[in-house]
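Asker: Below is one structure. I have some questions about it.
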Amino acid sequence: MHERNGSQIIQDWPEESREATQLVIDKYGDPHEITPTTLVWFNAGPWKRIVASKTFYQHNFPSPHIDCIESVIDYQVPVDKFDELAKFDGSVIVERTAGEVSARCHDEEANFLALNLMHDIVTGEKNVAEARSYYGKEFLDYRKKKPTPYMEKLRFQSALEHKAPDPDTSILSEEDLESAIREGEQSSAAE
């Protein structure tokens with residue numbers, strides 16, 4: 001079977017996701033994993049993983065655009081900050097158990113912006129309203145060719161050197177589980 005590279009795979013994708021994905025290919029080269037609907041790069045630039053998807057989502061914050069490029073970092077978000085992050089930007093995704101946070105937007109620069117503001121919210125530097133306002137300002141500054149420090153790079157250290165996963169706390173003891181198994185076996189035997 002003839003293998004295809006990322007640029008060949010995306011030729012069948014919608015224009016919106018094809019154009020955004022080509023920018024990632026141009027910057028980071030061919031992906032490490034290729035399926036007909038997804039391209040994945042590992043340890044590309046500052047990212048743990050970049051996922052480009054054929055499927056794209058309409059996103060109206062801060063102005064209408066599409067989301068199809070997801071940039072993932074290791075980062076542990078305190079549980080009490082989840083609601084604030086959801087209010088900030090629906091394309092910032094927190095994976096508590098995995099210890100990952102990602103931003104899905106149309107390009108790497110917008111993902112830098114979203115994740116830098118996510119960090120500001122988590123650390124208390126900005127509240128949700130301030131973060132949303134700053135996002136809009138930097139988004140416009142980018143188009144005005146003004147400095148955009150939050151879109152250039154991650155302004156914090158991701159948790160690559162730290163333990164970011166949060167496996168949560170068990171609420172069931174071994175005794176509870178063993179008792180449930182015995183009860184289930186007794187119920188099955190009675191039938």
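So the sequence shown is residues 1 to 191, counted in the UniProt record's numbering.
Note that CB positions come from ideal geometry on N, CA and C, so glycine has one too.
Just the C-alpha distance for valine 51 and glycine 99, rounded to the nearest angstrom, thanks.
Answerer: Between valine 51 and glycine 99, the C-alpha separation is close to 17 Å.
Asker: Going by DSSP, what residues sit across from histidine 106 in a beta bridge?
Answerer: Paired residues: none, contrary to the question.
Asker: Would you kindly check if the distance between the Cβ of leucine 39 and the Cβ of threonine 21 is under 8 Å?
Answerer: Cβ atoms of threonine 21 and leucine 39: closer than 8 Å.
Asker: Quick check: the segment 27-46 against the segment 125-143, are at least 3 beta-carbon pairs closer than 8 Å?
Answerer: Segments in contact, no.
Asker: Opposite glutamine 58 in the DSSP bridges: which residues?
Answerer: According to DSSP, which records beta bridges pairwise, glutamine 58 is partnered with Ile66.
Asker: What three-state label does DSSP hand arginine 96 in the structure shown?
Answerer: Three-state DSSP puts arginine 96 in coil, outside helix and strand.
Asker: Counting along the chain, where does the beta strand (DSSP E) carrying phenylalanine 42 start and finish?
Answerer: Taken as a continuous stretch (DSSP letters only), the beta strand (DSSP E) holding phenylalanine 42 covers 38-42.
Asker: Within its chain, find whatever has a CB closer than 6 Å to the CB of glutamate 161; leave out the 5 residues flanking it on each side and keep chain order.
Answerer: Low confidence applies to glutamate 161: its pLDDT is 46, below 50, so where it sits in the model is not reliable enough to give any reading.
Asker: Return the Cβ separation of glutamate 70 and arginine 18 in integer angstroms, given the expectation that the two are a contact with Cβ distance under 8 Å.
Answerer: 16 Å between Cβ atoms; not a contact.
Asker: Report all residues from its chain with a CB closer than 7 Å to the CB of leucine 23; omit the five preceding and five following residues, and keep chain order.
Answerer: Excluding residues within five positions, the ones whose Cβ falls inside 7 Å are Asp107.
Asker: Indicate the three-state DSSP secondary structure (helix, strand or coil) for alanine 189 in the structure shown.
Answerer: Correct three-state label for alanine 189: helix.
Asker: Just to confirm my understanding: we take serine 91, look at its own chain, exclude 5 residues before and 5 after, and list those with CB closer than 7 Å. What are they?
Answerer: Excluding sequence neighbours, serine 91 sits near His59, Asp67, Ala103, Arg104, Cys105 and Ala114.
Asker: Mark residue 192 as exposed unless 16 or more other C-beta atoms lie within 10 angstroms of its C-beta, in which case mark it buried.
Answerer: What is shown of the chain runs 1 to 191, which leaves residue 192 out entirely.
Asker: Opposite histidine 51 in the DSSP bridges: which residues?
Answerer: The sequence shown places valine at residue 51, not histidine. Val40 and Glu70, per the DSSP bridge assignment.
Asker: Just checking my contact of residue 224 with isoleucine 25 at CB under 8 Å: how many whole Å lie between their CB atoms?
Answerer: The chain is shown only over 1 to 191; residue 224 falls outside these bounds and no answer can be derived.
Asker: Straight-line CA distance for lysine 144 to arginine 155?
Answerer: Approximately 22 Å, taken between the alpha carbons.
Asker: So tyrosine 75 and serine 158 are supposed to be a Cβ contact under 8 Å. How far apart are they, rounded?
Answerer: Confirmed, Cβ separation roughly 6 Å.
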